[in-house]
Amino acid sequence: MVRPDTGTRAAWASHSEGRSAESESPELPTYIQGITEALREELERDPSVFLIGEDIGTYEGAFKVTKGFLQQFGPRRILDTPISESAIVGAATGAALMGMRPVVEMQFIDFISCAWNQIVNMAAKIHYRWGRAVPITIRGPSGGYTHGGPFHSENPEAWFCHVPGLKVVAPSTGWDAKGLLKSAIRDDNPVLYLEHKFLYRRIRGPLPGPDVTVPIGVAEVKRPGADASVITYGSGVHLALEAAAALAAEGHDVEVLDLRTLRPLDRAAIVATVERTGKVLVLHEAHLTGGLGGEVAALIAEHAFERLDAPVMRLAAADTPVPYSDPLEQQVLPDTARVTSALRTLLDY
Amino acid sequence: MRSVRTKSPPLATKAVKPALRGLTRPQLHELHYLMLLNRAFDDRISALYRQGKISGGAFGSRGQEACSVGSAYALEEHDVVGPMIRNSGVILTRGLPIRKFFANYLGRATSPTGGRDGNTHLGDLSLGIVAPISHLSSLIPVLAGVALTFKLRGEKRVAITWIGDGGSSVGDFHEGLNLASVMKLPFVLVLENNQYAYSTPTSMQCAASKFSDKAAGYGIRGVTVDGNDVLAVHHAVKDAANRARSGDGPTLIEAVTMRMKGHAEHDDAGYVPTALLAEWAKRDPIERFRRLLRSRRLLTEEEDRATEDRVAREIEKAVMEALSDPFPDGPTALDGVYAERSEDRGPA
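Chains as they are written, first to last, in the numbering used here: chain A, 4 to 352; chain B, -19 to 328.
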């Protein structure tokens, strides 16, 4: 459970326990409910949608995302499979070619590495090579802060953002989780949907109605500000909001831009926040080297260099595997204190 | 779908009786024609490669024509195929215009991939063809997914793909075949055991005495057939497809054959003993079938010659047209990474 003795965890706790009754009330739905609602509504809406994965039927998923689905939709829409990530993605691709709209669940996103070839060589290249759409969504719990260790804490977005033909999204709120998943399922391309398992039941907030989607490719300012920008996504949004709140008490006005979609990046939104504040911290939970932060920094250098009042800073996980033991994991992953400290450096520049 | 195959009605009429193993005389002639077409196409690809007209690799299937043609001919129009690199005969049997096939090798704008991919890497769902990728066995899960769709929608259709002895060592062979078996999908896998995977002999690829023995591990039917006997391959695939269609799940068919040339045109296959090639040359699938038809008086010399002439004419016309087809414009390389138009989708 959430331990209030570290900065990071206090930030999560404030979201789950609720300081402001409006947006963070315990009565509001959780982030994971947003995912479940999106899946249920899209299954109800479109008969070509089906779910395929490991232990998603009878067991209702390792995190119970598909609770009640087998009863409601039956075994022709909710498909349990052998432990074969590559075959699951390959089969979803074949089904998509036949006019279906499969949604694949990776039990943990770490296992997506086993499906690498099917995703990057098969699914991602089909439309370019011979013109057929491959509308598959691959979703799964990603991220750390859960003592999952080296094989249950991965943030694999950078591996896939390099691949033409894929779209990659990473929601930070229940609203975005639901709206982006609906967009992903309705999209005619392979979409990687990275949900953050630490946020599953710690984040509460309103959810969009059945007809509302969050568009792919559009970032959102989660907190407007004038003095500096944090450009981030996923878990980083909450660290940034917490840091911004702490710095507001000191009179600093920090903007938080949530990218939401990682491929394609919303370049206009990135440039716009630089133009507003002139100072940027790029923050992500994935490793520093080769991470999305480098891409964002390069875009800023190319398109908004003259609007900068300070060098672009990056804060990310250390370049190590994500270790298991609590003090080690805390050392490696970004936390609110480090975000706040990095922002202070930036604000003082 | 345009198909070169004789449609089924002749079988239903009393006028045309099956002449050999359930096939009518016109159908037998068509098998003969398709194998000749397969060989002539591959030979022409080889020549184009040597002339420097094909910028990428050129892969042949000499000696394996019965595997491709015999199996593809056993399918129904609405079945879906996933041909691999040595299955040009499958693509031709499904009815892809020969000109378009040449155009794909030649990188022309008129080809099914518009120059984005080469060789047999082409897909056309109007002909039920799913394009392969270079990574061996990757199509097995994909065609299993095609079969899964048929099962989910209650359609009496079959998905089939091919693999080699070498490709059977890759992980997706296991994952895909296992998934298809557990889910009891209408799926057929033809394993062409052509003795060599590039330079690696079968003995270094698999410790089982027969590749079809692998079927037992998946709880499915496994059969081994003479891959140089087009009627044996046809019968085995027809039988497997019928079983799949009636809900009996997948079959693994091992077709024992021989790759009579190198891995591709650049490879002289010096590692293959000449005595082995000489032995297999006596079992050439096209000559065997020709001798059989002639001995049963099912093919006259005139008919045989006319078929040869037809193939030569069609190949010549198609290759000349393809060579005059335009190359794609360079800047179009940036288009189409993502699907945006609704016509990319539709019932398959």
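All C-beta atoms in this analysis are idealised placements derived from N, C-alpha and C, irrespective of residue type, glycine included.
Beta carbon of residue i nearer than 7 Å to that of residue j
i	j	result
GLN185/B	ASP145/B	yes
VAL285/A	ALA304/A	no
PHE153/B	ILE113/B	no
ASP179/A	ARG263/A	yes
TYR29/B	HIS214/B	no
THR140/A	ILE81/A	no
GLU45/B	PRO265/B	yes
ILE140/B	SER117/B	no
GLY43/B	MET238/B	yes
CYS47/B	GLU245/B	no
LYS181/A	PRO211/A	yes
GLY294/A	ALA319/A	yes
Cβ of residue i within 7 Å of any chain A Cβ
i	result
TYR85/B	no
PRO230/B	no
ILE113/B	yes
THR129/B	yes
ASP309/B	no
GLU155/B	yes
THR93/B	yes
PRO121/B	yes
ASN99/B	no
ASN158/B	yes
TYR176/B	no
ASP152/B	yes
ALA195/B	no
TYR318/B	yes
ALA89/B	no
ALA124/B	yes
VAL205/B	no
VAL170/B	no
Same chain, Cβ closer than 7 Å to residue i, five either side skipped, listed in chain order
i	result
GLY87/B	SER35, GLY95, GLY98, PHE307
ASP206/B	ALA212, VAL236
ALA220/B	VAL168, THR231, ILE233
VAL52/A	GLU45, LEU46, ARG104, VAL106, ILE188
Neighbouring residues, chain C, relative to residue i (Cβ below 7 Å)
i	result
ARG79/A	Although the question refers to chain C, the structure presented lacks it and instead comprises the protein chains A and B.
Cα-Cα separation between residue i and residue j, rounded to whole angstroms
i	j	result
HIS58/B	GLY108/B	7 Å
GLU47/A	GLY146/A	29 Å
ILE122/A	GLY151/B	15 Å
PRO153/A	ASP113/A	9 Å
GLY242/B	ILE25/B	14 Å
GLY62/B	ALA41/A	34 Å
PRO6/B	VAL236/B	27 Å
GLU298/A	ILE273/A	11 Å
TYR34/A	HIS290/A	24 Å
VAL257/A	ARG135/A	44 Å
LEU256/B	HIS150/A	59 Å
ALA27/B	SER226/B	44 Å
GLY329/B	THR73/B	Residue 329/B is absent from the structure shown; chain B starts at -19 and stops at 328.
VAL92/A	ILE129/A	14 Å
ALA160/B	THR343/A	52 Å
GLY316/B	TYR131/A	5 Å
ASP312/A	HIS306/A	14 Å
ARG19/B	LEU184/A	50 Å
Beta carbon proximity, residue i to chain B, threshold 7 Å
i	result
GLY151/A	no
ALA187/A	no
ALA313/A	no
ARG266/A	no
VAL342/A	no
THR96/A	yes
ALA263/A	Before going further, note that residue 263/A is Arg rather than Ala in the sequence given. False, the Cβ-Cβ gap to chain B never drops below 7 Å.
SER385/A	As displayed, chain A neither begins before 4 nor continues past 352, which places residue 385/A out of reach and without an answer.
MET101/A	yes
HIS241/A	no
Cut-off 6 Å between Cβ atoms - residues of its own chain near residue i, not counting five sequence neighbours on either side
i	result
CYS117/A	GLU88, SER89
VAL171/A	GLU160, PHE163, CYS164, LEU195, LEU265, ARG266
ALA302/B	ARG79, PHE82, ALA83, LEU86
THR39/A	VAL68
ASP248/B	GLY242
Same chain, Cβ closer than 8 Å to residue i, neighbours up to 5 away in sequence not counted
i	result
THR348/A	MET316
ALA229/A	ASP256, GLU258, ARG279, THR280
GLY199/B	SER161
Any non-hydrogen atom of the ligand HEM closer than 6 Å to residue i Cβ
i	result
SER26/B	Of ligands this structure carries none, so the ligand HEM is not represented either.
Inter-stretch contact (C-beta, 8 Å, three-pair minimum) for the segment 266 to 275 of chain A and the segment 211 to 222 of chain A: Segments in contact, yes.
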